Amino acid sequence: MKKKRINYFKYFSLFFAIAVLVFIAGCTGTPPTAPIINSFSASPSTITAGESSTLSWSVTDATSVTIDNAIGSVALTGATAVNPTTTTIYTLTATNSAGSSTATVTITVISASLEYTITSTSGAGGQIEPAGAIAVSEGESLTFTITPVKDYQIFNVLVDDVSVGAVTSYTFTSIQQDHTIHAEFGPIFTWLPYVPVNWEDIWGILILLGKRVYNNDTGIGYDTIQEAIDAAQSGHTIIVSSDTYYENIKFDNKNITVRSSDPLNPAIVAATIIDGGGSDSVVEFLNGDTSTLAGFTIRNGDAKNGGGIRIGNYCAPTITNNAITNNTAEFGGGIGTSRSAATITGNIIIGNHATDYWAKGGGIYVFKCLSTLTINGNIIKDNTAGAGGGICVDNYSTPTVTNNTVTDNTAGQYGGGIYVESACNLLPSTDRPTGWGTGTEAEKNIPPQYWSTVAGNAFSGNSHSGDPNDGAHVYFY
Numbered sequence: 021m022k023k024k025r026i027n028y029f030k031y032f033s034l035f036f037a038i039a040v041l042v043f044i045a046g047c048t049g050t051p052p053t054a055p056i057i058n059s060f061s062a063s064p065s066t067i068t069a070g071e072s073s074t075l076s077w078s079v080t081d082a083t084s085v086t087i088d089n090a091i092g093s094v095a096l097t098g099a100t101a102v103n104p105t106t107t108t109i110y111t112l113t114a115t116n117s118a119g120s121s122t123a124t125v126t127i128t129v130i131s132a133s134l135e136y137t138i139t140s141t142s143g144a145g146g147q148i149e150p151a152g153a154i155a156v157s158e159g160e161s162l163t164f165t166i167t168p169v170k171d172y173q174i175f176n177v178l179v180d181d182v183s184v185g186a187v188t189s190y191t192f193t194s195i196q197q198d199h200t201i202h203a204e205f206g207p208i209f210t211w212l213p214y215v216p217v218n219w220e221d222i223w224g225i226l227i228l229l230g231k232r233v234y235n236n237d238t239g240i241g242y243d244t245i246q247e248a249i250d251a252a253q254s255g256h257t258i259i260v261s262s263d264t265y266y267e268n269i270k271f272d273n274k275n276i277t278v279r280s281s282d283p284l285n286p287a288i289v290a291a292t293i294i295d296g297g298g299s300d301s302v303v304e305f306l307n308g309d310t311s312t313l314a315g316f317t318i319r320n321g322d323a324k325n326g327g328g329i330r331i332g333n334y335c336a337p338t339i340t341n342n343a344i345t346n347n348t349a350e351f352g353g354g355i356g357t358s359r360s361a362a363t364i365t366g367n368i369i370i371g372n373h374a375t376d377y378w379a380k381g382g383g384i385y386v387f388k389c390l391s392t393l394t395i396n397g398n399i400i401k402d403n404t405a406g407a408g409g410g411i412c413v414d415n416y417s418t419p420t421v422t423n424n425t426v427t428d429n430t431a432g433q434y435g436g437g438i439y440v441e442s443a444c445n446l447l448p449s450t451d452r453p454t455g456w457g458t459g460t461e462a463e464k465n466i467p468p469q470y471w472s473t474v475a476g477n478a479f480s481g482n483s484h485s486g487d488p489n490d491g492a493h494v495y496f497y
């Protein structure tokens with residue numbers, strides 16, 4: 021039998037190829053890899069401004085490790101505290117000969133909220149909850165509950181010294197400042213038959229019987245001011261308790277006094293409010309009325325003439341110790357008077373508006389009134405108009421304007437403080453100086469230095485669209 025020949029060359033070639041491959045593999049080795057970031061975290065990841073957070077990390081197979089935002093080079097494993105003031109992204113970079121690896125972590129920073137204090141107090145006869153000085157964060161809301169004890173009722177609630185009425189609860193919303201709230205209580209009485217007594221001494225009893233307005237001469241209580249006015253006889257005095265009265269009241273050929281419980285007490289004046297509701301004059305005097313109005317806050321009137329108070333033809337009322345504010349009209353945002361002999365004294369007339377470019381008398385408008393119209397001892401401030409931001413004297417008027425403080429009023433045209441139309445004057449006993457109403461335009465403007473103390477009036481901070489050095493306080497046209 022013939023033997024099979026072995027091909028040794030074939031086996032040798034295969035062995036040689038395998039040996040070469042093994043040699044090459046042995047020389048080359050395993051290729052290097054990029055660093056491995058095992059972990060990178062922040063604890064806590066959300067902080068309030070001023071607090072700190074801790075960055076922690078673990079890295080392998082790196083020759084260098086860095087963290088940005090001024091931290092710099094760090095060990096392969098470690099932790100560090102950071103105090104960012106705003107939300108910050110931190111990036112960790114690990115490097116070796118094969119390249120780099122990165123990881124990021126975000127620390128969210130929230131602003132520290134401001135704190136305010138609401139101070140709640142109460143008088144005898146009930147309680148307010150929560151009570152005392154309560155700290156609240158900016159933007160929060162807080163509700164107070166007012167509860168009388170047995171046989172007592174809520175008399176009034178004052179928020180920041182302004183009455184909000186006899187409410188059982190009050191909520192401060194989106195708080196942005198400190199506040200105060202105070203609750204007043206009074207006993208509940210049974211109605212007694214009328215007997216002739218001095219009602220001035222016991223008027224508070226009538227108020228507690230549910231009647232907010234009463235006639236001091238008859239002892240009769242009323243629910244509204246207008247009811248009391250309509251029923252009053254000449255010489256009677258109507259006393260109004262502290263509250264907000266949503267009325268538009270009219271005095272029609274009367275000679276009576278309507279007043280708050282204490283016209284000389286600013287807190288009582290601020291808490292005894294007649295609110296016109298943005299419709300018509302808040303108060304009107306008609307047909308020769310000679311009544312007295314004292315000790316009220318007159319607000320939210322809107323009329324053509326006399327948004328707060330309109331004084332009609334041939335009336336001679338006394339307007340004293342009132343706060344007249346936030347009223348609008350075309351003529352006389354605060355007070356508008358026509359052919360009258362009113363006495364306007366001791367009032368604060370502030371923040372009223374005559375409504376457009378041609379409107380007159382933001383605080384007071386005087387039309388065809390003689391020297392018997394007296395404007396004395398008032399504060400006339402922050403009113404606006406087309407002409408006469410504080411006062412406009414118009415159409416052959418010669419009122420007596422003395423001892424007022426006229427400040428920070430604005431006119432779109434002339435006379436930020438007072439505008440005096442031609443053929444009018446401010447001081448009837450003093451001739452209108454030559455040249456102040458005729459001649460060049462410059463001669464018609466009265467520089468403020470000449471009027472800083474004229475007739476006891478004090479002027480400051482008034483402005484108009486003309487030269488601020490010429491007639492911004494008083495402008496004679």
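All the letters of the sequence shown, read from the start, carry residue numbers 21 to 497 under my numbering.
Where is the CB? At the ideal position from N, CA and C, for every residue including glycine.
Quick caveat, the model's predicted, so the values are computed rather than measured.
- Find the nearest neighbour of VAL421 within the set ILE399, TYR190 and ASP428, judged by alpha-carbon distance. Comparing Cα positions, the closest option is ILE399.
- Message: Using 9 Å as the threshold, is the C-beta distance between PHE192 and THR165 below it?
- Response: In this structure, THR165 does not lie closer than 9 Å to PHE192 by Cβ.
- Item | PRO286 - containing alpha helix (DSSP H), residue span | Unbroken alpha helix (DSSP H) run through PRO286: 286–291.
- Message: Less than 7 Å between C-beta atoms, sequence neighbours within five positions excluded: which residues of the same chain meet that for ASP309?
- Response: These residues qualify, in order along the chain: PHE271, ASP272, ASN273, LYS274, CYS335 and PRO337.
- Entirely within the stretch 230–266 and at least 4 residues each: give me those alpha helix (DSSP H) ranges in chain order. Along the length of the stretch 230–266, whole alpha helix (DSSP H) runs at least 4 residues long occupy 245–251, reported in chain order.
- Query: In this structure, does DSSP put GLY476 in helix, strand or coil?
  - Reply: GLY476 falls in the helix class under three-state DSSP.
- Task: Return helix, strand or coil for PRO64, following the three-state DSSP convention.
- Result: Here DSSP, grouped into helix, strand and coil, assigns PRO64 to coil.
- Backbone secondary structure at ASP181 - three-state DSSP: Assigned with DSSP and collapsed to three states, ASP181 falls in coil, not helix or strand.
- Message: Mapping the DSSP letters down to three states, classify VAL187 as helix, strand or coil.
- Response: VAL187: coil per DSSP, three-state reduction.
- Task: Report the rounded CA-to-CA distance for TYR242 versus SER261, giving the unit in angstroms.
- Result: When rounded, the distance between both Cα atoms is 11 Å.
- Message: Assuming the contact rule is C-beta atoms closer than 8 Å, ILE369 and GLY356 should be a hit. Round their C-beta distance to whole Å, please.
- Response: Under the criterion of beta carbons closer than 8 Å, ILE369 and GLY356 do not qualify as touching, at roughly 12 Å.
- Enumerate, from N- to C-terminal direction, the unbroken beta strand (DSSP E) stretches of 3 or more residues contained entirely within the stretch 72–124. Segments of the beta strand (DSSP E) lying fully in the stretch 72–124: 73–80, 84–87, 92–94, 97–102 and 108–116.
- Query: Is it the case that the Cβ atoms of LEU75 and ILE87 are separated by a distance below 9 Å?
  - Reply: Yes, they are a contact pair.
- Of all the beta strand (DSSP E) runs that stay within the bounds of the stretch 366–414, which reach a length of 3 or more residues? Counting only runs of at least 3 residues, the stretch 366–414 fully encloses the following beta strand (DSSP E) elements, listed from N- to C-terminal order: 368–370, 384–387, 394–396, 399–401 and 411–414.
- Message: By alpha-carbon positions, which one of ALA287, THR68 and PHE60 ends up nearest to SER121?
- Response: A check of alpha carbon separations from SER121 across ALA287, THR68 and PHE60 identifies PHE60 as the nearest.
- Task: Report the partner residues of GLY203 according to the DSSP bridge assignment.
- Result: Residue identity differs from the one stated: residue 203 is Ala in this sequence, not Gly. For ALA203, the pairing in a beta bridge is given by DSSP as SER142 and VAL177.
- When the Cα atoms are used, what is the spatial distance from PHE209 to TYR172? No answer about PHE209 holds up, because its pLDDT of 46 lies below 50 and its placement is not dependable.
- ILE130 burial status per 10 Å Cβ neighbour count (16 or more: buried): Within 10 angstroms of the beta-carbon of ILE130 lie fewer than 16 other beta-carbons, which makes it exposed.
- Query: Skipping 5 residues on each side, what residues in its chain have a beta carbon closer than 6 Å to that of PRO283?
  - Reply: Only ALA314, GLY315 and ASN341 meet the Cβ criterion.
- Between which two residues does the beta strand (DSSP E) containing ASP272 stretch? Run containing ASP272: 269–272, per the beta strand (DSSP E) assignment.
- Taking the Cβ atom as the reference point for each residue, do GLY410 and GLY383 lie within a distance shorter than 9 Å? A distance below 9 Å separates the beta carbons of GLY410 and GLY383.
- Through-space distance from GLY70 to THR105, alpha-carbon basis: Taken atom to atom, the span from the alpha-carbon of THR105 to that of GLY70 is near 7 Å.
- Item | Continuous beta strand (DSSP E) stretch holding ARG498: start and end | In the structure as shown, the chain begins at 21 and stops at 497. Residue 498 is therefore absent and cannot be evaluated.
- Which term fits LEU393, buried or exposed, when burial requires 16 or more other beta carbons within 10 angstroms of its beta carbon? Note on LEU393: 16 or more other CB atoms within 10 angstroms of its CB, so buried under the neighbour-count rule.
- Query: According to the Cβ coordinates, are PRO52 and SER117 closer than 9 Å?
  - Reply: In this structure, SER117 lies closer than 9 Å to PRO52 by Cβ.
- Query: Between which two residues does the beta strand (DSSP E) carrying ALA155 extend?
  - Reply: Taken as a continuous stretch (DSSP letters only), the beta strand (DSSP E) holding ALA155 covers 152–157.
- Message: To the nearest angstrom, how far is the alpha carbon of GLU252 from that of ILE258?
- Response: Going by the sequence as given, residue 252 is Ala instead of Glu. Using only the alpha carbons, I get a separation of about 8 Å.
- Message: Check whether the stretch 188–202 and the stretch 136–147 are in contact - that is, three or more C-beta pairs closer than 8 Å.
- Response: Verdict: yes, contact present.
- Strand pairing of VAL426, partner residues [DSSP]: As computed with DSSP, VAL426 is found in a beta bridge with ILE400 and PHE479.
- Query: Is the CB-CB distance between GLU304 and ILE329 below 9 Å?
  - Reply: Yes, the pair counts as a contact, with Cβ atoms nearer than the cut-off.
- Message: Please identify the residue among TYR377, THR108, SER78 and ASN103 whose C-alpha is closest to the C-alpha of VAL94.
- Response: Looking at the Cα atoms, SER78 is the closest of the given residues.
- Task: Identify, in the order they occur along the chain, each residue of the same chain with its Cβ nearer than 8 Å to the Cβ of GLY17, setting aside the five sequence neighbours on each side.
- Result: With the chain running from 21 to 497 in the structure shown, residue 17 is simply not present.
- Message: Assess contact between the stretch 177–191 and the stretch 233–240, defined as three or more Cβ pairs (one per stretch) separated by less than 8 Å. Is contact present?
- Response: Because the criterion of three Cβ pairs below 8 Å is not met, the stretch 177–191 and the stretch 233–240 do not touch.
- Message: Based on DSSP bridge pairs, tell me the residues matched to ILE438.
- Response: ILE411 and VAL494, per the DSSP bridge assignment.
- Enumerate in chain order the residues of its own chain whose CB-to-CB distance from ASN423 is below 6 Å, with the five nearest sequence positions on each side excluded. Here the set comprises ASN396, GLY397 and GLY476.
- Report the three-state DSSP secondary structure of ALA132 (helix, strand or coil). ALA132: coil per DSSP, three-state reduction.
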